[in-house]
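Chains as they are written, first to last, in our numbering: chain A, 2 to 96; chain B, 2 to 96; chain C, 2 to 96; chain D, 2 to 96; chain E, 2 to 96; chain F, 2 to 96; chain G, 2 to 96. Cβ atoms here follow ideal geometry from the backbone N, Cα and C, with glycine treated the same way.
Here's what the structure looks like:
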């Protein structure tokens, strides 16, 4: 079973504690808006610009992404925490 | 009797408890904004872009869709719970 | 005496209790935003798009329409309840 | 002495009680947003669209118009109540 | 000493009580948003439209204008009350 | 050491009390939004319009400008009070 | 390990106290919105304009930038405080 996100939406799966990159990106407690790591599961066909052009998204399946704490809608799929976000909620790709 | 949604609006029928995909998408209680499953009953002719172009919708009759909890307007048709949403309220298609 | 709505505005006449389609569309009491049925009496010449194009409205005189509870401006004409709405307030056409 | 409204603005003169069309349009007391009748005294040269095009207004001097209660700015000219509105505040023309 | 307003801004000088047109435009006390009379002292080079076009303003030095009470920024020049407004705050020209 | 403002931003240096033009522009105490005088120290390369065009700014280094009290971000450079503003916060140029 | 910012986003590393330019830019305590210094670590591919054009950013890796206090999302990478900002949050480049 799968969800196919629409347009500029992206389905991501939250990383579990033990999956989060060691020694790497840590969210400080004092940060008001904490970015969160997740893996991209599926992406929409692209963002529809005002000009009518459809622009392919800059993230792809498998990318590890950072996003702000309050973006997106939570959904649980087969027991795992997922989120559906817009591409604009993605801050960056972890490489 | 039927409702024909205008432009980028979509008429969906809420799934009853027993119809919701088993073992699949579950809305966690702690989620502030819970996505909800529904079946598309009818779609409008398309979204009118700023350029004047009419863009056909990405969902079609029969699609099973996820949408945010607070989107749309509730309407009861022949005893069943329906909602009229904008395409932009649809988070993704369940496949 | 008549009102000619401007641009993308639409004049509708509320249906009386006994006119509302039987066994059909019922507004559940628990709905926060109740759609309401009405008959289109007159429509404007069209919506002015950003491009300057005038786009003819998708509803026409005689259509039975659904709209959100808080849309439009109430006006009483010859003793009957009417509303002046924008096309964008119309959720769908009842067929 | 006269006021020449700018661009998409319109100068209207409120109708006095005895001038309001008999048996016609009545504003119900329960309406939250009451439309009001007035006569157009002067109109601006047109609305400036994003494209730079100037679009002539759809109302003209002498038209009897309906507008929402909270639109416009009140001004008294030679003892009579007037309002300066934008064309977009005009709901329709009474014919 | 002079102020040259930028783009679509306009410098106006408030009229003193005795200069206000007699028997003419009076602001009723009950009006929530009172238009005010002033004389145009200087105008900007024009409004920059989204298209990049610069559109010359519709008011010119010497015009007597009406504007809403809450528009603009007050500034005193050589002892006289002035205001810097945007052209869009101008309701009309008094002729 | 210098700051190069980006795009439509402008770096200005507040005038000290004794530098403010005598007998000239005075900010009345009763004004809610007081314009302030400052000298332009550096300007960005221009405003990016929706069309993608970069439009050079209308103010230049050395100009004496007026701006609204609440615009911009304060920064102290080499002991002097400066502000970084957008061109749109500038009300006019003092000549 | 690195973060690649998307589109018009920029990854910056806050300067430590001892790195901040001496005798230079000081943030006054009374400033409500304090600009902050940081070094650009990585930039996105560019801002997507309404026209569909992608516009390369005006800042590059290594630039020392000033930004408003409340912009961006905090993230700690390898023990150092970083922020992910949009180019529009950058006030200027320190030279």
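In the structure shown, the three-state DSSP call for residue 9(G) is coil. The criterion of a C-beta distance shorter than 7 Å is satisfied by residue 86(F) and residue 11(F).
The beta carbon of residue 57(A) sits closer than 8 Å to those of 46, 47, all from its chain and outside the five residues before and after it, given in chain order.
Using a Cβ distance threshold of 7 Å, residue 6(E) and residue 43(E) count as a contacting pair.
Neighbours of residue 95(G) across chain F, judged by C-beta separation under 9 Å: 2, 3, 4, 5. Checking the DSSP bridge columns, you'll see residue 46(B) has no partner listed.
Neighbourhood of residue 75(B) in chain A, by CB distance below 7 Å: empty, with the nearest CB roughly 19 Å away.
Residue contact with chain D for residue 80(E): absent (no Cβ-Cβ distance below 7 Å to any residue of chain D). Listed along chain D, the residues sitting closer than 8 Å to residue 10(C) by beta-carbon distance are 92, 93.
By the Cβ-count criterion, residue 64(D) is buried, with 16 or more other Cβ atoms from all chains shown falling within 10 Å of its own Cβ. For residue 75(F), the enclosing beta strand (DSSP E) covers residues 74–78. Counting of Cβ neighbours within 10 angstroms places residue 80(D) among the exposed residues, the total staying below 16.
Listed along the chain, the chain F residues whose CB falls inside 9 Å of the CB of residue 72(E) amount to none; the nearest CB is some 11 Å away. By the C-beta density criterion, residue 39(F) is buried, having at least 16 other C-beta atoms within 10 angstroms. When secondary structure is reduced to three states using DSSP, residue 88(F) falls in the helix class.
Residue nearest to residue 82(E) within the set 9(E), 8(E), 37(E) is 37(E) (criterion: CA-CA distance). Judged by DSSP secondary structure, residue 66(B) falls within the beta strand (DSSP E) whose first and last residues are 65–68. Taking 8 Å as the cut-off between beta carbons, the residues of the stretch 46–69 of chain A near chain B are 46, 49, 51, 52, 53, in sequence order. Residue-level contact by beta carbon holds for residue 85(F) and chain G, with a gap shorter than 7 Å. Burial check for residue 88(D): the Cβ neighbour count within 10 Å reaches 16 or more, so the residue is buried. Excluding sequence positions up to five before and after residue 13(D), its CB lies within less than 7 Å of the CB of 39, 40, 41, 42, 66, 83, 84, 86, all in the same chain and listed in chain order. The shortest C-alpha to C-alpha distance from residue 94(C) to any of 62(C), 52(C), 77(C), 72(C) is the one to 62(C).
Taking the C-beta atoms as reference points, residue 51(D) is found nearer than 7 Å to residue 51(C). A direct Cα-to-Cα measurement between residue 53(E) and residue 54(A) gives close to 22 Å.
Assigned with DSSP and collapsed to three states, residue 40(C) falls in strand. Counting only the Cα atoms, residue 73(E) lies some 18 Å from residue 73(D).
Rounded to the nearest whole angstrom, the C-alpha separation of residue 69(B) and residue 90(G) is 30 Å. The beta-bridge partner set that DSSP reports for residue 62(F) is empty.
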